[in-house]
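Protein chains in written order, with my numbering: chain A, 1 to 407; chain B, 408 to 814. For every residue, glycine included, the Cβ atom is placed at its ideal position computed from N, Cα and C. What you are looking at is a predicted structure, and each value in this text was computed from that prediction instead of being measured.
2 protein chains.
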Amino acid sequence: MRCVVRKIDLNNFQVATSETVRDINSRIMLNLVRKHQPVSRADLMRYSGLQRSTVSAIAEQLIAERWLKEGAVGNLPRGRKPTFLHLNTERCGVVGVDIQPATTTLAVASIDSQIVAQESMPTQMDPLEFVAELSRRIKNLIQAYPQDAFEGVGVSLPGRIDATSQQLIFAPRLNWGEFDLKEHLEQSLGLPVELENAANACALAELWSGRHGDGVRDLVAVTVSDGIGVGMMMNGQMVRGSRGVAGEFGHVTLVPEGPLCRCGNTGCWEALASNAAAVRYYLEAASPRNGEAASRNGKARPTFGDILRLAEQGDAHATQALQQMAHHLGAGIAMLVTGLAPDVLVVVGEVTRAWEMVGPAVEEVVKQRSLTHAVTRILPTDPEAQPRLRGTIVLVLQKHFAAPLIA
Amino acid sequence: MRCVVRKIDLNNFQVATSETVRDINSRIMLNLVRKHQPVSRADLMRYSGLQRSTVSAIAEQLIAERWLKEGAVGNLPRGRKPTFLHLNTERCGVVGVDIQPATTTLAVASIDSQIVAQESMPTQMDPLEFVAELSRRIKNLIQAYPQDAFEGVGVSLPGRIDATSQQLIFAPRLNWGEFDLKEHLEQSLGLPVELENAANACALAELWSGRHGDGVRDLVAVTVSDGIGVGMMMNGQMVRGSRGVAGEFGHVTLVPEGPLCRCGNTGCWEALASNAAAVRYYLEAASPRNGEAASRNGKARPTFGDILRLAEQGDAHATQALQQMAHHLGAGIAMLVTGLAPDVLVVVGEVTRAWEMVGPAVEEVVKQRSLTHAVTRILPTDPEAQPRLRGTIVLVLQKHFAAPLIA
DNA sequence: CAGATAAAGTTCGAGGTACGAACTAATCCC
DNA sequence: GGGATTAGTTCGTACCTCGAACTTTATCTG
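Structure follows, in structure tokens:
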């Protein structure tokens, strides 16, 4: 039984009243239904340890609030048949937006986190234009449902959001400057908006709806694209750090005299192990003397997707580039495994498509470099699972399903 | 207003009852008294937002349980004079034990974390002998107080404790093997015992009784001795990781082809920046050709303390060794600042005695390598403050002062 | 010096919540 | 049809906070 105590934050606490008790217990109920649905009141009583009468009372309230619905009756060998309860998916509640440099994906999900509609659009260069188009599309998706049926909008993006002001403070890959995305979207949609860094969103999604089991309380997500991002869930909570900038392990120096990174330093993890690094390794291997020049005269610079395809076809240079990338990916992952010892570390990004090639190389480096006590499972995510997007859904739903802010 | 939500742990939750409300509110009260004492009921009402009647009721209960005591009456320009409340230090409650490879320090503290008695003893090689001697000394210290006045014993040690079994799983510097220290001490003393890794204890002490202000929720402690340990408090909670082994950043590879570490790998942070590394740098500088040999033939190998002393006297080799150590210390700290972005990072160890020399070098590396957004304050701890020992006190007290385990 | 004013602290009834025992409902088996 | 079994409801009790009214103990004012 792991039980980590928390220091009470005397700047930001909430005293308890009688309603607090109901709040806590109904959240527990909601989570138990989410996990076990369809489930009878009698089973909820057994799972929760609450009295049968209390379970009934809470169920009645949650049904009145349209969180739960009564469904079919079950069958038992003896006795009265139970009435099953399940999450009320008609309360069709959440909009999720995954902003990536080129493409933005938006989705509507029900409160059981199932995506019921989804579409994509290009990510405009101009933030105001982007907000206008995004709002138009969201309104369009939403209008089929009752007016007040939506809880909010979750947004994941490749950048940093100040913890207090919720302003975008660092998003070089979007190049929008210090734009108040939250304010603009809220104004335009009339719904509460939650912004989150993409890696954090992935970690959130994996902890809440990944298939890792209930025992997982510490999870790290590593997103690999043109950069590397890290999202951390520790003790079941997101680690945001001082100004919401925790997780920039991508800019830790792993090779002191290594290649130049776009951050201005040298040998950063992401300069060694990102998709862009793999492309560089490929160019270096393909024309050893002068990799950069080769790409300029004649054929276009290959994309990381090209390299994955070439490696799959058995191209030696591409395979070598992936191996180099894998080695350095492993070095960074070893750092996280050694330092944070999460239960699970998930890798997100195109690179997972070649995991049967990259994975073993990563595992080898991690095994060699980390102490024997760490038992972290390193898992690639299925690209179909859309962890960023699922994270945005959880971002909104966690307000209702997470433990209440107590003391 | 930062507010991080937590996923409810369905394997380990607690439903709320009416008593839960009192539990939460009395813990808030206890913390408010701890912070503001001496303080009147009326002030507590204002700090907490609870009703005056509720504050009185809770105060009455806490006085009955001997947590609080009524003290002097205050003075106000008008109206009835307030009766001040303060923590009841006569409830003299906690034993702290700081086990270090050579010396073990034990202390008795009151519930306001003030140390009232303290003594040291050598750390024996044999764990059973050690437990016997430690118990004898603790019993001796305790006997002056009422029989039932002690809450428990907190222990910090250079090693790892399995999160579930509370067994010692890795303590090479003590060389005790897999010894069940907790069980042996509890048997011998009849008091509950809490074990914790030394770096974690430091982080705990700094968060709970450091002078960093209430706003600090994310704090990292770096202990520098013959090894390097890292303790993390994130969102006001200790990060223990999967099997309680989080924080082994000392064994992250920072220089791929670097010096051999005792863990078997090369270029680990602690092989580059620990006290032992500084001694190595000194020997290399003092006899460039053959540092190791020099120490063997003739004069004894200098200790890190010697190097600090020499550097203070202006010795060039010692100064250079410290600079090398500082550079690498900075590299590792830059990793932590970049990746975790804590509000505060404290450095613990003998090296802080030379901080006017080491600090600027560390700051320079960190400034160069970390992104501009991190606002981490890097602070040396006062060696007099005994952070390890204070951490052991908090270890026991947090059971009563921390937020209750809810949902 | 008496009355007004003010602040601290107490008392007590109302409302919300969970507990737990007793009760009703539904179903199967003999 | 009666007994056994399980699901779900009802209702009185206990605990807790709220909030208004009240008591206590001061100072200020005319």
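Residues that residue i contacts on chain B, provided the C-beta gap is smaller than 7 Å
i                     : result
residue 7 (chain A)   : 614, 615, 643 and 809
residue 28 (chain A)  : 415, 420, 422 and 814
residue 241 (chain A) : 625, 747, 748 and 749
residue 4 (chain A)   : 644, 645 and 647
Three-state secondary structure assigned by DSSP to residue i
i                     : result
residue 163 (chain A) : coil
residue 594 (chain B) : helix
residue 810 (chain B) : strand
residue 511 (chain B) : strand
residue 197 (chain A) : strand
residue 119 (chain A) : strand
residue 725 (chain B) : helix
residue 326 (chain A) : helix
residue 6 (chain A)   : strand
residue 748 (chain B) : coil
residue 16 (chain A)  : coil
residue 827 (chain B) : As shown, chain B starts at 408 and ends at 814. That puts residue 827 (chain B) outside it, with no answer to give.
residue 408 (chain A) : In this structure chain A extends from 1 to 407, so residue 408 (chain A) is not present and cannot be described.
residue 707 (chain B) : coil
residue 797 (chain B) : helix
residue 588 (chain B) : helix
residue 716 (chain B) : helix
residue 802 (chain B) : helix
residue 702 (chain B) : Reliability of the predicted coordinates at residue 702 (chain B) is poor, the pLDDT of 45 falling under 50, and the value obtained from them is presented with this limitation in mind. Helix, per DSSP.
residue 429 (chain B) : helix
residue 174 (chain A) : coil
residue 11 (chain A)  : coil
Cross-chain neighbours of residue i in chain A, by beta carbon under 7 Å
i                     : result
residue 742 (chain B) : 252
residue 813 (chain B) : 24, 403 and 406
residue 622 (chain B) : 11
residue 670 (chain B) : 371
Chain-ordered chain A contacts of residue i [CB-CB under 8 Å]
i                     : result
residue 636 (chain B) : What residue 636 (chain B) touches in chain A: nothing, since even the nearest Cβ is about 11 Å away.
residue 425 (chain B) : 18 and 21
Neighbouring residues, chain B, relative to residue i (Cβ below 9 Å)
i                     : result
residue 375 (chain A) : 649, 650 and 652
residue 59 (chain A)  : Going along chain B, no residue has its Cβ under 9 Å from residue 59 (chain A), so there is no contact; the nearest lies around 14 Å.
Proximal residues of chain A, C-beta to C-beta of residue i below 9 Å
i                     : result
residue 679 (chain B) : By Cβ distance, chain A contributes nothing, its closest Cβ being about 11 Å from residue 679 (chain B), past 9 Å.
Neighbour list for residue i in chain B, Cβ cutoff strictly below 8 Å
i                    : result
residue 32 (chain A) : 417
- Contact set between the stretch 244–256 of chain A and chain B, restricted to residues whose Cβ is under 9 Å from the partner: 244, 245, 246, 247, 248, 249, 250, 251, 252, 253, 254, 255 and 256
Just by C-beta distance, which residues in the stretch 337–369 of chain A are closer than 8 Å to chain B? 338, 339, 340, 341, 342, 343, 368 and 369
>> If we require 4 or more residues per run, which alpha helix (DSSP H) segments fall completely within the stretch 24–100 of chain A?
In response: 41–48 and 52–64
Contact set between the stretch 174–200 of chain A and chain B, restricted to residues whose Cβ is under 8 Å from the partner:
none
Along the stretch 787–810 of chain B, where does the CB come closer than 8 Å to a CB of chain A? Name the residues. 805, 806, 808, 809 and 810
| message | Along the stretch 443–460 of chain B, where does the CB come closer than 7 Å to a CB of chain A? Name the residues. | response | 455, 456 and 457
Cβ contact check for the stretch 331–340 of chain A and the stretch 365–380 of chain A: 3 or more pairs under 8 Å:
yes
Review point. Counting only runs that start and end within the stretch 209–292 of chain A, where is the alpha helix (DSSP H) found for 4 or more residues in a row?
Key: 269–273 and 275–286
- Listed from N- to C-terminal order along the chain, which residues in the stretch 142–174 of chain A have their beta-carbon within a distance smaller than 8 Å of any beta-carbon of chain B? 160, 163, 164, 169 and 170
Task: Inside the stretch 751–786 of chain B only - beta strand (DSSP E) runs reaching at least 3 residues - done: 751–755
- If you scan the stretch 533–578 of chain B from start to end, which runs of the beta strand (DSSP E) of 3 or more residues do you find wholly inside it? 559–564 and 575–577
- Item | Touching by the beta-carbon criterion (3+ pairs, under 8 Å), the stretch 132–151 of chain A and the stretch 164–182 of chain A | no
key: Interface positions of the stretch 717–743 of chain B facing chain A (Cβ-Cβ less than 9 Å), listed along the chain   = 738, 741, 742 and 743
Margin query: Does the contact criterion of 3 or more C-beta pairs under 8 Å hold for the stretch 603–614 of chain B versus the stretch 638–655 of chain B?
Written below: yes
Does the pairing of the stretch 723–735 of chain B with the stretch 766–773 of chain B give three or more beta-carbon distances under 8 Å?
yes
* To do: Say whether the stretch 679–691 of chain B touches the stretch 622–635 of chain B, bearing in mind that this needs 3 or more beta-carbon pairs closer than 8 Å, one atom from each stretch.
  => yes
Could you say if the stretch 515–522 of chain B and the stretch 489–499 of chain B meet the contact criterion of at least three C-beta pairs nearer than 8 Å? yes
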